[in-house]
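Chemist: Residue numbers are given in this note's numbering: position 321 of the sequence shown equals residue 321, and the series is strictly consecutive. The structure follows.
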Amino acid sequence: MKRALAGAAAAALLCAAGGGLWALEAEDRAAFARSLGVGALAALCALALGLGYAFVVARHRFLGRGLLAALAVGPLATPPYVAAIAWVDALGPAGWLPRLCGLSDPRGPSLLAGGLVYSVPSCGLLLGCCLFPLVGLAAAAALLRVPRGALEAARLARGPLGEHAVLWAAAAPAAGAAALVVFSLALVEFAVPQLLRVGVLAESVYLALAADDRPGLALLRSLPLLSATTLALGGALLCWRRPPLNAGEPAPRRPLGRRHAAAAALGCLLALAPGLLNPATSLGLRLWIDPAGGAGGPARAAHVLASAWEAGSADAARSVTAGALTASCGLLLGVAVAWPLRRLRGPQRLLLAAASLLPFALPAPLAGLSTLALLNHEWTAPLYDGLGALVFALGLRFAPLAVLAAWLALHRVPLEQEEAARLCGRHPARAILPQIAPALLAAWLGVYLLAVTEYGASALAAPPGQSVLSVFLVNEAHYGQGAELSGLCALLLGVVLLPLPAVGAGVAWLRWRRRA
Numbered sequence: 001m002k003r004a005l006a007g008a009a010a011a012a013l014l015c016a017a018g019g020g021l022w023a024l025e026a027e028d029r030a031a032f033a034r035s036l037g038v039g040a041l042a043a044l045c046a047l048a049l050g051l052g053y054a055f056v057v058a059r060h061r062f063l064g065r066g067l068l069a070a071l072a073v074g075p076l077a078t079p080p081y082v083a084a085i086a087w088v089d090a091l092g093p094a095g096w097l098p099r100l101c102g103l104s105d106p107r108g109p110s111l112l113a114g115g116l117v118y119s120v121p122s123c124g125l126l127l128g129c130c131l132f133p134l135v136g137l138a139a140a141a142a143l144l145r146v147p148r149g150a151l152e153a154a155r156l157a158r159g160p161l162g163e164h165a166v167l168w169a170a171a172a173p174a175a176g177a178a179a180l181v182v183f184s185l186a187l188v189e190f191a192v193p194q195l196l197r198v199g200v201l202a203e204s205v206y207l208a209l210a211a212d213d214r215p216g217l218a219l220l221r222s223l224p225l226l227s228a229t230t231l232a233l234g235g236a237l238l239c240w241r242r243p244p245l246n247a248g249e250p251a252p253r254r255p256l257g258r259r260h261a262a263a264a265a266l267g268c269l270l271a272l273a274p275g276l277l278n279p280a281t282s283l284g285l286r287l288w289i290d291p292a293g294g295a296g297g298p299a300r301a302a303h304v305l306a307s308a309w310e311a312g313s314a315d316a317a318r319s320v321t322a323g324a325l326t327a328s329c330g331l332l333l334g335v336a337v338a339w340p341l342r343r344l345r346g347p348q349r350l351l352l353a354a355a356s357l358l359p360f361a362l363p364a365p366l367a368g369l370s371t372l373a374l375l376n377h378e379w380t381a382p383l384y385d386g387l388g389a390l391v392f393a394l395g396l397r398f399a400p401l402a403v404l405a406a407w408l409a410l411h412r413v414p415l416e417q418e419e420a421a422r423l424c425g426r427h428p429a430r431a432i433l434p435q436i437a438p439a440l441l442a443a444w445l446g447v448y449l450l451a452v453t454e455y456g457a458s459a460l461a462a463p464p465g466q467s468v469l470s471v472f473l474v475n476e477a478h479y480g481q482g483a484e485l486s487g488l489c490a491l492l493l494g495v496v497l498l499p500l501p502a503v504g505a506g507v508a509w510l511r512w513r514r515r516a
């Protein structure tokens, strides 16, 4: 029965996608093909890099392993369009890599720019490098739960091949689910394809709303995207359903020799280069060095940052306010929804997870369109004219993530503790909330990070004259790779990292209180 329902749902989604494609023009169908190419390349790249990174970090022990494991979060904290700006800065017409290799042509664009940077493979590989930690973290979590007994039995039966087979069986479901999530995210992404001049269908949806003001056309263009992303997320849930090998004592990590450790560290750094190291290096060099040969160093960096602050401080303040409000409201909603649903089991649990992931399948411009349609009334004018519309649009996209995080945290607390609290005359929340507080803080930080870096929904939902920093930055990126753009990138990264000290201090205080 379940398989029949799943097959019927998949057939309905395929029919919707086919009908939407049939009604679209040839140019939009070509844009959808490019979107599929970008998503597939991103998923394959993230799968390859994530699995390699997970096997190195989770299964081996060497000097610097902890640092490499921590750096894996860096590409997720760096907005993909910032990585795209650095990608063009490295490989574009005036990029430093073509000049270094002698491949740039002073009479025109570099040889690399025409065939590599502004192309579907470039866009897919860049998004895969930015999102591969999702696969890496999921696979590493599964590998850390592999029991020692299973590995020893497989090694005795088939030798090293048996051990690798067990590790692959443990990591494959989690890695496959995360790769399908990467495919969904890359399919509806349009800020990076826009900067790399790759016309995808998500950009056509945005243009139908922002330029043509045709919501019907935008909805029609969204049907293939919604069908493809929903199918991918359904496949991710089916992969996630498979139980991991987690019975028994976890297997210890294997030590690596110096040569193998150096090779592993070098491979991890190369995987981190497009999404983290290249943006940080490019940003630092542009802040520190004047290409025109003027004075560089701290004086130039201070001047560029001061200019960026003068141009974008108001947008940065609105980004922080909107991100904090979205994260706080989303966390309150998450606890309120997850608390009565924490006893769910079986198919009901999968339905909750699916409902929490579905907003990520929605193209970001549609979130802005839904917000404008819902709040464009006289009695909602205060919200529509201020940041309320922006917070509503961002919450529509990212609040379900807080619901899922709160539910997963509550699901790990035994129900016996709730009953014990009631027997002691205390409300169960007083016994449960302190235990899940670190997870709730992490969920707040994740929603804040996504909200302050969101471009698609913010470009439509932000009121006129009250733009946010992500929209200002992407709009400025279309005018070139100037020093002010580097200052705006640094300002955005400062906005992203702003709550980290407070959240870290809160987690440390909670741990200290638990020990006390």
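Using N, Cα and C, we set each Cβ at its ideal position, and we do this for glycine too.
Would you kindly work out how many angstroms separate the C-alpha atoms of Pro-224 and Phe-32, rounded to a whole number?
Modeler: If I take the Cα positions, the gap works out to 8 angstroms.
Chemist: Give me the residue from Arg-253, Cys-123, Glu-189 and Leu-238 with the minimum Cα distance to Pro-147.
Modeler: The residue with the shortest Cα to Cα distance from Pro-147 is Arg-253.
Chemist: Across which residues does DSSP place Arg-61 in a beta bridge pair?
Modeler: Residue pairing by DSSP places Arg-61 opposite Pro-255 in a beta bridge.
Chemist: For Phe-392, which residues from the same chain have a beta carbon less than 6 angstroms from its beta carbon, with the 5 sequence-adjacent residues on both sides left out?
Modeler: Counting only Cβ-Cβ distances below 6 angstroms, and skipping sequence neighbours, we find Thr-371.
Chemist: Quick one: is Ala-113 buried, meaning 16 or more other Cβ sit within 10 Å of its Cβ, or exposed?
Modeler: For Ala-113, the pLDDT reaches just 46, beneath the cut-off of 50, and the residue's location in the model is therefore unreliable, leaving the point undetermined.
Chemist: For Pro-414, name the three-state secondary structure that DSSP assigns.
Modeler: Residue state, collapsed to three classes: coil.
Chemist: Per DSSP, Pro-464 forms a beta bridge with which residues?
Modeler: As far as DSSP is concerned, Pro-464 takes part in no beta bridge.
Chemist: Which residues bound the alpha helix (DSSP H) around Ser-204?
Modeler: 201–210
Chemist: What's the gap between the Cα of Gly-425 and the Cα of Pro-414?
Modeler: 18 angstroms
Chemist: Just to confirm my understanding: we take Leu-396, look at its own chain, exclude 5 residues before and 5 after, and list those with CB closer than 7 angstroms. What are they?
Modeler: Result list for Leu-396: Pro-359, Ala-367, Ser-370 and Thr-371, in chain order.
Chemist: Is Ser-470 closer than 8 angstroms to Glu-454 when the C-beta atoms are compared?
Modeler: In this structure, Ser-470 lies closer than 8 angstroms to Glu-454 by Cβ.
Chemist: Touching or not, the region 119–132 and the region 263–276, by the rule of three or more beta carbon pairs under 8 angstroms?
Modeler: yes
Chemist: Using three-state DSSP, classify Ala-48 as helix, strand or coil.
Modeler: helix
Chemist: Which partner residues of Pro-250 appear in the DSSP bridge assignment?
Modeler: Pro-147
Chemist: Can the beta-carbon of Ala-232 be found closer than 8 angstroms to that of Leu-305?
Modeler: no
Chemist: Taking Pro-75 as part of the alpha helix (DSSP H), name the residues at either end of that continuous run.
Modeler: That run of the alpha helix (DSSP H) goes 74–77.
Chemist: Closer than 7 angstroms by C-beta to Gln-194: which residues in its own chain qualify, once you throw out the five before and the five after it? Chain order, please.
Modeler: The beta carbon of Gln-194 sits closer than 7 angstroms to those of Glu-203, all from its chain and outside the five residues before and after it, given in chain order.
Chemist: Go ahead and label Asp-28 buried or exposed: buried means 16 or more other beta carbons lie within 10 angstroms of its beta carbon, across all protein chains shown.
Modeler: buried
Chemist: By the DSSP assignment, the alpha helix (DSSP H) with Glu-378 in it spans what residues?
Modeler: Run containing Glu-378: none; DSSP gives neither H nor E here.
Chemist: Is DSSP giving Glu-25 helix, strand or coil here?
Modeler: coil
Chemist: Between the region 149–159 and the region 66–80, are three or more C-beta pairs nearer than 8 angstroms?
Modeler: no
Chemist: For the alpha helix (DSSP H) that Asp-315 lies in, which residues bound it at each end?
Modeler: 298–338
Chemist: At 4 residues or longer, and completely inside the region 270–294: list those alpha helix (DSSP H) runs for me, N to C.
Modeler: With a minimum length of 4 residues, the continuous alpha helix (DSSP H) runs that stay inside the region 270–294 are 278–288.
Chemist: Nearest by alpha-carbon distance to Ala-265: which of Gly-64, Ala-54 and Phe-55 is it?
Modeler: Gly-64
Chemist: Under 6 angstroms Cβ to Cβ from Val-474, same chain only, skipping five residues before and after it: list those, please.
Modeler: Tyr-81, Ala-191 and Tyr-455
Chemist: To test your reading of the DSSP string, which unbroken alpha helix (DSSP H) runs of 4 or more residues are found completely within the region 428–502?
Modeler: Here the runs fully enclosed are 428–453, 456–461, 469–477 and 483–497.
Chemist: With burial defined as no fewer than 16 other Cβ atoms inside 10 Å of the residue's Cβ, what is the status of Trp-168: buried or exposed?
Modeler: exposed
Chemist: Measure the C-alpha to C-alpha separation of Leu-488 and Arg-430 and round it to an integer number of angstroms.
Modeler: Going from the Cα of Leu-488 to the Cα of Arg-430 covers about 43 angstroms.
Chemist: What do you get for Gly-284, buried or exposed, if any count of 16 or more other CB atoms within 10 angstroms of its CB means buried?
Modeler: exposed
Chemist: Closest to Ala-446 by CA distance: which of Pro-79, Gly-50 and Ala-327 is it?
Modeler: Note that residue 446 is Gly in the sequence shown here, rather than Ala. Of Pro-79, Gly-50 and Ala-327, the residue nearest in Cα terms is Ala-327.
Chemist: Tell me the rounded alpha-carbon separation between Leu-441 and Arg-511.
Modeler: 13 angstroms
Chemist: Taking the CB atoms as reference points, tell me whether Val-166 and Val-320 lie closer together than 8 angstroms.
Modeler: For the 8 angstroms CB-CB criterion, Val-166 and Val-320 do not form a contact.
Chemist: Over the uninterrupted alpha helix (DSSP H) stretch that includes Leu-116, give me the two end residues.
Modeler: Careful: Leu-116 lies outside any alpha helix (DSSP H) and carries neither H nor E.
Chemist: If you count every other CB in all the chains shown that lies within 10 Å of the CB of Pro-79, and 16 or more means buried, which is it?
Modeler: buried
Chemist: Could you give the residue range of the alpha helix (DSSP H) that holds Leu-91?
Modeler: 80–91
Chemist: Look up Phe-360 in the DSSP assignment and say whether it is helix, strand or coil.
Modeler: helix
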